[in-house]
Structure formats: structure tokens, C-alpha cells
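Data first, discussion second: the structure below is written as C-alpha cells.
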Amino acid sequence: MKRRVFGLFAAVILLLNGGFVQAQDYRQSVKAAEERFQSAIAAAKDKYIAELRVLLTEETKRGNIDGALAIREKIGTLEKEFAAAASSSGELESIRGKWVAVAEESQGKRMSKRDLEGNKKTLVIDGDSFTLSWGGRTIRGKINVAASKEPGSHPLIDLEGTLPTGKSVIMRGIYEVKEDTLKIAYVSFLVNGDDVHRPEAFETEEGNAAVSVTYVKDR
Numbered sequence: 049m050k051r052r053v054f055g056l057f058a059a060v061i062l063l064l065n066g067g068f069v070q071a072q073d074y075r076q077s078v079k080a081a082e083e084r085f086q087s088a089i090a091a092a093k094d095k096y097i098a099e100l101r102v103l104l105t106e107e108t109k110r111g112n113i114d115g116a117l118a119i120r121e122k123i124g125t126l127e128k129e130f131a132a133a134a135s136s137s138g139e140l141e142s143i144r145g146k147w148v149a150v151a152e153e154s155q156g157k158r159m160s161k162r163d164l165e166g167n168k169k170t171l172v173i174d175g176d177s178f179t180l181s182w183g184g185r186t187i188r189g190k191i192n193v194a195a196s197k198e199p200g201s202h203p204l205i206d207l208e209g210t211l212p213t214g215k216s217v218i219m220r221g222i223y224e225v226k227e228d229t230l231k232i233a234y235v236s237f238l239v240n241g242d243d244v245h246r247p248e249a250f251e252t253e254e255g256n257a258a259v260s261v262t263y264v265k266d267r
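For the working numbering, add 48 to where a residue sits in the sequence shown, where the first one is 1.
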């Protein structure tokens with residue numbers, strides 16, 4: 049009887065381990081496919097730039113100054129756009145994952161611990177998508193980050209999603225990530241509504257519409 053029970057237990061363990069290995073293999077396959085996709089995109093961009101450079105040389109030899117200048121300008125624009133996209137992708141990777149709010153401030157006042165725990169605010173970032181949940185409500189949408197054009201300023205973050213009411217909202221702000229801590233200060237406004245000024249600091253003031261949230265990485 050003991051041998052039979054032990055054999056059954058061993059079979060269950062092997063089955064569970066097999067499922068774990070399959071899950072691991074699945075995640076690795078998805079990651080590998082994503083890496084191949086990104087490599088293909090990078091190769092296509094490089095090929096496009098190379099073809100434009102060949103065309104630039106040909107137009108220059110023909111003496112088509114206007115055409116050559118237009119192509120040169122196009123190459124410069126594309127190189128800047130590709131570089132910005134690569135930088136944004138790297139920044140998004142650095143804040144990828146699930147984040148749990150541990151502090152929140154607005155109108156110069158910090159939210160109480162009781163309200164904070166009641167809200168259970170979380171932010172999940174996966175690629176260029178995000179899910180923001182709090183107090184039984186959820187916003188899903190797209191996230192975009194970029195370096196500030198002002199030297200010494202915090203990088204920029206924009207989250208555009210749909211409210212539970214169906215209306216589209218934009219959260220425009222700044223952010224800072226240090227190891228397992230992510231700070232975001234933002235102002236919200238409805239799409240097609242009045243535009244708002246992006247916060248410049250994580251501290252809020254009375255009479256200001258900014259909200260500042262500190263998250264920690266959920267392990």
C-alpha cells in the first residue's frame with residue numbers, strides 16, 4: 049500500500065514538474081519570438097536607410113540638388129525617429145512589470161494609509177500597454193515614455209486609456225525609476241478636453257491638479 053501511495057505521489061510530482069517545464073518553455077518561446085520580431089524590424093529599418101543612401105548618391109551624381117536635399121532630410125528625420133523609438137523601448141523595459149502603490153499625494157496632502165490600502169492601486173506595464181487598477185476600477189491603454197528636451201529634467205510619461213465610463217483619458221506626467229521604486233507625477237484630462245500643463249516635480253501643491261504616486265515592484 050505504501051509503495052502504491054508513494055508511486056502515485058511520484059507520478060503527481062513528475063506531472064507537475066512537466067507542466068512547469070512546459071510553462072517555462074512557452075515563456076521562453078514567446079520571448080524568443082519577440083526577439084526575432086524586433087531583430088527583423090531593426091534589419092528592415094537599416095535596409096530602408098541604406099536604400100535611401102544609395103538613392104541619395106544617385107541623385108547627387110545626376111545633379112538633382114533639390115532631390116538630394118529632400119532625401120538627406122528624410123534620412124536625418126528617420127534616424128532621429130528610429131533612435132527615439134529604440135530609447136523609448138529600452139525605457140519601457142526598465143519599468144515593465146507589476147507595481148503596487150505605497151504612497152500617494154495630491155493638493156499637497158498625502159493619502160492616509162487606510163485609504164491607500166483600501167484603494168489597492170496597482171500599475172501593470174507590459175510592453176507599450178498598461179493596466180491601472182484602484183478601488184474596483186480599471187483603466188487600460190497605451191503608455192509612452194521619452195527623454196525630456198530640457199537638460200536635467202525628469203523623463204516624460206504619457207498614459208492614454210479608457211475610463212470605466214467609456215471616455216478616453218490622458219495622464220500626462222513625469223517619472224523616475226530607481227531599482228524597485230517607481231515615482232509618477234501626472235495630471236489627467238479627457239481626450240478632446242482642455243489641455244493641461246505637465247508637472248515638473250513630484251511634490252504637489254494646493255490648487256494644483258497634479259497627483260503623485262510612489263510604487264514598489266511586486267515580486
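The C-beta atom is built at its ideal place from N, Cα and C for all residues, glycine as well.
Since the structure is predicted, the reported quantities are computational estimates derived from the model, not experimental observations.
Review point. Is the beta carbon of D228 less than 9 Å from the beta carbon of V264?
Key: V264 sits close to D228, with the two beta carbons spaced by under 9 Å.
**Study point:** 8 Å contact criterion, which D176 and L140 should meet: CB distance rounded
**Key:** The Cβ separation is near 6 Å, so the contact holds.
Check your understanding: Closest Cβ-Cβ distance between S77 and chain C: below 9 Å?
Key -> No chain C is present in this structure, which holds just one protein chain.
Check your understanding: Does DSSP classify D174 as helix, strand or coil?
Key -> Strand at D174.
Point to revise | Cβ neighbours of M159 in the same chain (closer than 6 Å, five flanking residues each side left out) | key: Counting only Cβ-Cβ distances below 6 Å, and skipping sequence neighbours, we find E152.
Exercise for review: Out of V217, L126, V225, K226, point me to the one whose CA is closest to V235's CA.
Suggested key: Answer by Cα proximity: V217.
Practice item. Might you give, ordered along the chain, the residues of its own chain that have their beta carbon closer than 8 Å to the beta carbon of W182, omitting 5 neighbours on each side? Key: Counting only Cβ-Cβ distances below 8 Å, and skipping sequence neighbours, we find A149, N167, K168, K169, T170.
Review point. Going by beta carbon distance, what residues of the same chain come within less than 8 Å of Y96, once the five residues before and after it are set aside?
Key: Here the set comprises L126.
Point to revise | Alpha carbon of L103 to alpha carbon of I123, nearest angstrom | key: Spanning the alpha carbons of L103 and I123 requires a straight line of approximately 11 Å.
Practice item. Evaluate A195 with the Cβ neighbour count: other Cβ atoms within 10 Å of its Cβ, from every protein chain shown; 16 or more gives buried, anything less gives exposed. Key: Taking all protein chains shown into account, A195 has fewer than 16 neighbouring C-beta atoms within 10 Å of its C-beta and is therefore exposed.
Check your understanding: Among E224, A118, E165, which residue has its Cα nearest to the Cα of S142?
Key -> Out of E224, A118, E165, E224 has the C-alpha closest to the C-alpha of S142.
Exercise for review: Give the secondary structure of Y263 by DSSP, where H, G and I count as helix, E and B as strand, and everything else as coil.
Suggested key: Assigned with DSSP and collapsed to three states, Y263 falls in strand.
**Study point:** Bridge partners - F237, DSSP secondary structure assignment
**Key:** Answer by DSSP bridge pairing, in chain order: I218.
Check your understanding: Which full runs of the beta strand (DSSP E) of 3+ residues lie inside the region 154-208, going along the chain?
Key -> Every beta strand (DSSP E) stretch that sits fully inside the region 154-208 and reaches 3 residues is listed by chain position as 170-174, 177-182, 185-194.
Check your understanding: What's the gap between the Cα of R144 and the Cα of E254?
Key -> Rounded to the nearest angstrom, the two C-alpha atoms are 32 Å apart.
Review point. Straight-line CA distance for K215 to A233?
Key: CA-CA distance, K215 to A233, rounds to 22 Å.
**Study point:** Whole-Å CB distance - L207 paired with I222, under 8 Å assumed
**Key:** No, L207 and I222 are not in contact; Cβ-Cβ is about 12 Å, not under 8 Å.
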